[in-house]
Structure formats: structure tokens, C-alpha cells
Amino acid sequence: MSAKYFEYLHTVGFEETNLVGNVYYVNYLRWQGRCREMFLKDRAPDVLADLRDDLKLFTLKVDCEFFAEITAFDDLAIRMRLLELGQTQVHFGFDYLRLDSGGGETLVARGSQRVACMRGPNTRTVPARVPDALARALAPYSA
């Protein structure tokens, strides 16, 4: 993969599987959110402070395409990259890779997420520019 990415590592637990034993689809979306949160914690802590103030990140669209089944105790790498940075929105891409014990990787799913930056009280929230701190933190992860 030539693009740079932010990586979140995860081991699948029993609670993330269904009765058949494979991962329930909603967990892929949950992992996208977790990857994004860990990116903010690790690479953009100033944005976390802004979120405690009045910045809001609204997820406008999320999708995921599945290529292979995964099960409990599979080790995954969820890799996030920047697809597009607009004035008020950010579009992220996510690759889900199963990590094999021998060091190999298998692409098991691919997804994306479009997020809008908003500010103001809940009854009068309006679009806002992507904070400079977030734009700077995302720059190395551009596709």
C-alpha cells in the first residue's frame, strides 16, 4: 500500500461474533469510530479539547464492503487514511486487514466515513471549518 495510514490494532472477541461464529457487521462500523477516536487521542489532542468546548463531529455517511469472514481471536489492523479534506467536511477511508501469525495480511473489508464539523448549541448547530489542528494532524495520511 503506497498511501500512509493511521493504524488501530484489534483482536476480535466472542462478544463481536454472531451465533454462527463470524463477526457481526455492525462491529466494522464500531471499529471505524474507534480508529478515528484513537487517531484524535494520539495525533490531534488539541481537537479533543475543542470537542469538549463546542466542536461537534457529525458522521454523515458510513459504509463498509466485506471481502472475507473473520472470527473470534482474529488479529486485525484497521488502517485509516484521508480521502478528502474539504472546508467543513472530512472523508476517511478504512482498510480492515487480518494479520496472520507469519506476518502476512489479508484485506477482509474496506469502508469509508464522511464527517462534518459543526459548532454551536444543539438547537442552533451550524457547519464550521475543519479546525487547523485537525487538518495538520491529517496531512500525513492523505491518499
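No gaps in the numbering here: position 87 of the sequence shown is 90 in our numbering, and each next residue is one more.
For glycine and all other residues, C-beta sits at the position ideal for the given N, C-alpha and C.
None of the values given here were measured: they were computed from a predicted structure.
Cutoff 7 Å; reference residue i; Cβ partners in own chain excluding five residues on either side
i, result
"H13", "W34, L79 and I81"
Sequence-distant residues of the same chain with beta carbon closer than 6 Å to residue i, five excluded per side
i, result
"F9", "F42, M83 and Y144"
"H94", "L86, E87 and R117"
"T20", "V26 and A75"
In DSSP terms, what residue i is bridged to
i, result
"V26", "T20"
"I73", "In DSSP, I73 forms no bridge with anything."
"V118", "T62 and V93"
"F9", "M83"
Close Cβ partners of residue i (< 8 Å) along its chain, the five nearest in sequence each way excluded
i, result
"R132", "Q90, T91 and C120"
"T109", "A71, L100, R101 and D103"
Residue span of the alpha helix (DSSP H) that contains residue i, given as start and end
i, result
"R101", "Run containing R101: none in the alpha helix (DSSP H); it sits in the beta strand (DSSP E), Q92 to L102."
"D53", "P48 to D56"
"A138", "D135 to L141"
Cα-Cα separation between residue i and residue j, rounded to whole angstroms
i, j, result
"I73", "R127", "42 Å"
"V148", "D77", "Lying before the first or after the last residue shown, residue 148 is absent from the chain, which here runs from 4 to 146."
"S5", "G123", "Its pLDDT being 43, under 50, S5 is placed unreliably in this model, and the coordinates cannot settle the point."
"A47", "A140", "6 Å"
"E68", "E18", "21 Å"
"L32", "V111", "14 Å"
"D53", "G106", "39 Å"
"H56", "T62", "Per the sequence shown, the amino acid found at residue 56 is Asp instead of His. Those two C-alpha atoms are separated by around 18 Å."
"L60", "P130", "10 Å"
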